[in-house]
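For the sequence shown, this note's numbering assigns the number 42 to the initial residue and increments by one for each residue that follows.
The C-beta atom is built at its ideal place from N, Cα and C for all residues, glycine as well.
Worksheet for the structure shown next.
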Amino acid sequence: MKNRLTRNWGLKIASFLSAAVLWLVVTNINDPIVSYRVADVPVTIRNANLITDRGQVYEVLDGTDTIDTVTVSAPRSIIDALDKSNIMAVADINDLTSVDTVPIKLSTNKYSDKLDSIRGNIDSVRLGIEEKQTRSLQIRPATTGQVRNGYVVGDVSMDQNLIQISGPQSVISQVAKAQAEVDISGFTNNISTDSDIRLYDEDGHVITTENIEKSISKVRINAEILELKSLPVICEVTGTPGDGYQYTGEVVYSKGTVTVAAKSQTLEHVESIEIPSGTVDVTDASEDVTVLVDLNDYLPDGVVLAEDNFVGRINVTAKIEQERERAVRIPVGRILFEGLPEGYQAVITEPANECSIMLTGLQGALNEVTAEDVTATVDLEAWMAQEEMEELVEGSYWLPVNAVAANANLKQSGVTEVRVHIIIEE
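Right, here's the structure in full:
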């Protein structure tokens with residue numbers, strides 16, 4: 042019996058090997074090794090605090106935190122039980138190399154011990170590591186678009202005006218300004234909205250990198266929309282020019298009409314910009330008086346100037362002219378008597394036909410005046426009081442003629458007399 046068991050060892054071993062190979066063949070036919078490809082597998086970066094704790098920041102370069110293709114080889118039964126969610130890709134900062142790369146370790150979260158192989162088209166994450174920089178910036182409000190015709194943007198304010206940014210030194214150093222924008226297109230009423238805060242470089246390009254931390258990402262902007270209106274400038278001139286000179290009544294403005302802006306309900310009651318009395322004073326002037334006026338000082342509450350490149354300063358000129366003289370001939374029949382006592386008659390005997398009265402004033406007014414524009418009188422009562430005459434006595438007297446022109450700026454110059462014959466009526 043013993044001899045039977047120990048005989049033909051070679052044949053027995055061959056039989057065993059044949060059986061094993063047959064089992065493998067059968068198994069491989071029923072559950073063969075196959076490959077499975079997964080696209081865009083994200084890489085989890087662990088222990089990133091090892092960089093940030095030493096005051097540095099990192100940036101993944103060239104998109105190496107995503108593996109374009111991962112190939113898994115395993116028996117079909119295992120592959121059939123796996124999908125993309127089971128693929129694990131990890132880069133541990135503890136394994137950071139001197140050239141700032143981190144090896145990627147690939148595995149699956151189940152059946153990892155039954156895999157034949159797992160590999161990706163890249164094997165490491167490339168990092169850019171820099172010192173971290175922190176800056177504070179003032180947020181600038183800005184508007185885009187155009188309001189409706191006849192309106193303009195007034196004050197633009199925000200509920201916050203400072204932002205703190207942190208990130209790689211090379212990126213933070215490029216930031217020139219922080220700005221929040223509000224679109225005003227077509228608006229006629231005030232706007233209040235939340236706006237994203239954008240960062241810009243010196244060339245006005247938006248900095249879109251994601252590795253900048255912001256203390257705030259949005260800010261509330263309030264934009265005031267004002268109505269436009271053109272207003273005339275009005276100035277009241279005061280004072281009396283020097284002897285021999287008159288204010289012509291003409292005021293010349295270097296800018297006589299100004300565009301302003303305000304709320305519609307405010308503009309309803311504003312018709313002009315009034316420069317107060319006393320601002321332009323021509324007292325004792327012998328030439329034009331020009332005053333530099335800042336219109337901002339005289340704008341009604343809630344009204345602002347609304348013209349580009351105009352800050353509000355204008356010259357206001359009061360025109361002054363030297364007086365001239367002209368003789369106007371008045372028919373003696375137009376000379377009236379005042380204060381003639383009852384029972385007396387007064388007759389002008391000289392001159393016979395016309396009396397020449399000298400008027401002084403502005404040349405333009407003198408050129409237009411006629412005899413019909415002048416009222417000439419002889420005041421007997423005033424003359425008697427001056428001569429201390431208690432009772433009018435018959436006789437001939439040279440009496441002064443008082444002349445008043447219809448134009449108040451024309452005055453009588455010098456003394457004009459007529460010879461008057463006084464007769465007592467019987």
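inquiry  = Let me confirm a value: residue 67 is counted as buried when at least 16 other C-beta atoms fall within 10 Å, else exposed. Which label applies?
reply    = The residue given as residue 67 occupies position 26 in the sequence shown. Reliability of the predicted coordinates at residue 67 is poor, the pLDDT of 48 falling under 50, and the value obtained from them is presented with this limitation in mind. Label assigned to residue 67: exposed.
inquiry  = Within 10 Å of its beta-carbon, does residue 240 have 16 or more other beta-carbons around it, so buried, or fewer, so exposed?
reply    = Residue 240 sits at position 199 when you count from the first residue of the sequence shown. Buried, by the Cβ-count rule.
task = With a threshold of 16 other CB atoms inside 10 Å of the CB of residue 256, please say whether the residue is buried or exposed.
result = Position 215 of the sequence shown, counting from 1, holds the residue named residue 256. Exposed, since its Cβ has fewer than 16 Cβ neighbours within 10 Å.
Segment contact flag, the region 304-317 with the region 363-381, C-beta cutoff 8 Å, min 3 pairs = Contact fails: fewer than three Cβ-Cβ distances are below 8 Å.
request  = Assign residue 106 to buried or exposed, taking buried as 16 or more other Cβ atoms, counted over all protein chains shown, within 10 Å of its Cβ.
outcome  = By one-based count along the sequence shown, residue 106 stands at place 65. That one is buried.
task = Please report how far the alpha carbon of residue 46 lies from the alpha carbon of residue 124, in whole angstroms.
result = Position 5 of the sequence shown, counted from the first residue, corresponds to residue 46. Position 83 of the sequence shown, counted from the first residue, corresponds to residue 124. With a pLDDT of only 48 at residue 46, under 50, the local geometry of the prediction cannot be trusted, and no value is derived from it.
ask   = Count the other CB atoms within 10 Å of the CB of residue 333; is the residue buried (16 or more) or exposed (fewer)?
value = On the sequence shown, position 292 is the one that residue 333 refers to. Label assigned to residue 333: exposed.
ask   = Run through DSSP, which three-state label would residue 263 get?
value = On the sequence shown, residue 263 is found 222 positions in, with the first residue counted as 1. Residue 263 falls in the strand class under three-state DSSP.
query = Would DSSP call residue 113 helix, strand or coil?
reply = Taking the first residue of the sequence shown as 1, we reach residue 113 at position 72. Strand.
request  = Could you pull the start and end residues of the beta strand (DSSP E) that residue 440 belongs to?
outcome  = The count along the sequence shown starts at 1 and reaches residue 440 at position 399. DSSP places residue 440 in the uninterrupted beta strand (DSSP E) bounded by 436-441.
query = Do you know offhand how far residue 458's Cα is from residue 396's?
reply = To locate residue 458, count along the sequence shown from 1; it is residue 417. To locate residue 396, count along the sequence shown from 1; it is residue 355. So the two alpha carbons sit approximately 8 Å from each other.
query = Terminal residues of the continuous alpha helix (DSSP H) containing residue 223?
reply = Here the question's residue 223 lines up with position 182 in the sequence shown. Element bounds for residue 223: not the alpha helix (DSSP H) but the beta strand (DSSP E), 218-224.
message = Checking 8 Å against the spacing of the C-beta atoms, do residue 398 and residue 444 come in under that value?
response = Taking the sequence shown and counting its residues from 1, the one referred to as residue 398 is at position 357. Taking the sequence shown and counting its residues from 1, the one referred to as residue 444 is at position 403. Yes, they are a contact pair.
ask   = Near residue 96, which residues of its chain fall below 7 Å by C-beta distance, leaving aside the five closest residues on each side in sequence?
value = The count along the sequence shown starts at 1 and reaches residue 96 at position 55. So the list reads 172 and 173, once near-sequence residues are dropped.
task = Could you check if residue 464 is buried or exposed, using at least 16 other CB atoms within 10 Å of its CB as the buried criterion?
result = One-based indexing of the sequence shown puts residue 464 at position 423. Exposed, because fewer than 16 other Cβ atoms sit within 10 Å of the Cβ of residue 464.
query = Which stretch, first to last residue, makes up the alpha helix (DSSP H) that contains residue 406?
reply = Within the sequence shown, the letter at position 365 stands for residue 406. That run of the alpha helix (DSSP H) goes 404-409.
inquiry  = Strictly by DSSP, which residues pair up with residue 169?
reply    = Taking the sequence shown and counting its residues from 1, the one referred to as residue 169 is at position 128. Partner(s): 100.
key: In DSSP terms, what residue 154 is bridged to   = Here residue 154 corresponds to residue number 113 of the sequence shown, with the count starting at 1. None; residue 154 has no bridge partner.
key: Per-residue burial, residue 295 [other beta carbons within 10 Å of its own, 16 or more giving buried]   = For the purposes of this step, residue 295 is identified with residue 254 of the sequence shown, where counting begins at 1. Counting C-beta atoms within 10 angstroms of its own C-beta, residue 295 has fewer than 16 neighbours from the protein chains shown and is therefore classed as exposed.
query = Helix, strand or coil: how does DSSP classify residue 135 here?
reply = As a first step, residue 135 must be located in the sequence shown, where it is residue number 94. Helix at residue 135.
ask   = Using the C-alpha atoms, what's the distance from residue 221 back to residue 345?
value = As a first step, residue 345 must be located in the sequence shown, where it is residue number 304. As a first step, residue 221 must be located in the sequence shown, where it is residue number 180. Distance between the alpha carbons of residue 345 and residue 221: 24 Å.
key: C-beta contact flag for residue 85 and residue 130 at 8 Å   = Counted from its first residue, the sequence shown places residue 85 at position 44. Counted from its first residue, the sequence shown places residue 130 at position 89. Contact flag set, yes.
task = Grab me the residues of residue 89's own chain with a C-beta within less than 8 Å of its C-beta, minus the 5 sequence neighbours each way, in chain order.
result = On the sequence shown, position 48 is the one that residue 89 refers to. Non-local beta-carbon contacts of residue 89 in its own chain, meaning distances under 8 Å to residues more than five positions away in sequence, involve 99 and 134 in chain order.
ask   = Does DSSP put residue 471 in a helix, in a strand, or in coil?
value = Outside the shown range of the chain (42 to 467) lies residue 471, about which nothing can therefore be said.
query = Do the region 278-291 and the region 250-264 make contact, defined as three or more Cβ pairs closer than 8 Å?
reply = no
task = Within its chain, find whatever has a CB closer than 7 Å to the CB of residue 449; leave out the 5 residues flanking it on each side and keep chain order.
result = In the sequence shown, counting from the first residue as 1, residue 449 sits at position 408. If we look at residue 449 and ignore the five residues flanking it on each side, it has no Cβ neighbours.
message = So, under 8 Å CB-CB, residue 200 and residue 261 are touching, yes? Tell me the CB distance rounded to an integer number of Å.
response = The count along the sequence shown starts at 1 and reaches residue 200 at position 159. The count along the sequence shown starts at 1 and reaches residue 261 at position 220. Right, the Cβ-Cβ distance comes to about 4 Å (below 8 Å), so this counts as a contact.
Rounded distance between the beta-carbons of residue 218 and residue 181, thought under 8 Å = Taking the first residue of the sequence shown as 1, we reach residue 181 at position 140. Taking the first residue of the sequence shown as 1, we reach residue 218 at position 177. Yes, they are in contact, since the Cβ atoms of residue 181 and residue 218 sit about 6 Å apart, within 8 Å.
query = Hey, how far is the Cα of residue 455 from the Cα of residue 318?
reply = Translated into positions along the sequence shown, residue 455 becomes position 414. Translated into positions along the sequence shown, residue 318 becomes position 277. Rounded to whole angstroms, the gap between the alpha carbons of residue 455 and residue 318 is 33 Å.
ask   = So residue 248 and residue 210 are in contact, right, with Cβ under 8 Å, and what is the actual spacing, rounded?
value = Residue numbering aside, residue 248 sits at position 207 when the sequence shown is read from its first letter. Residue numbering aside, residue 210 sits at position 169 when the sequence shown is read from its first letter. With a Cβ gap of about 14 Å, residue 248 and residue 210 do not count as contacting.
inquiry  = For residue 199, report the span of its beta strand (DSSP E) as first-last.
reply    = Within the sequence shown, numbered from 1, the residue matching residue 199 stands at position 158. For residue 199, the uninterrupted beta strand (DSSP E) run begins and ends at 192-199, by DSSP.
request  = Measure the Cβ-Cβ separation of residue 301 and residue 292 and say whether it is below 8 Å.
outcome  = In the sequence shown, the residue the question calls residue 301 occupies position 260. In the sequence shown, the residue the question calls residue 292 occupies position 251. Not a contact, by the Cβ cut-off of 8 Å.
message = Please classify residue 303 as buried or exposed, where buried requires at least 16 neighbouring CB atoms within 10 angstroms.
response = Taking the sequence shown and counting its residues from 1, one reaches residue 303 at position 262. When all chains shown are included, residue 303 counts as buried.
Residue 378 - partner residues in DSSP beta bridges = Counting from 1 along the sequence shown, the entry for residue 378 is found at position 337. For residue 378, which the question treats as bridged, DSSP gives the partners 419.
query = At which residues does the beta strand (DSSP E) containing residue 298 begin and terminate?
reply = Numbered from 1 along the sequence shown, position 257 holds the residue referred to as residue 298. Residues 298-303.
The region 427-438 in contact with the region 398-413 per 3-pair CB rule at 8 Å = no
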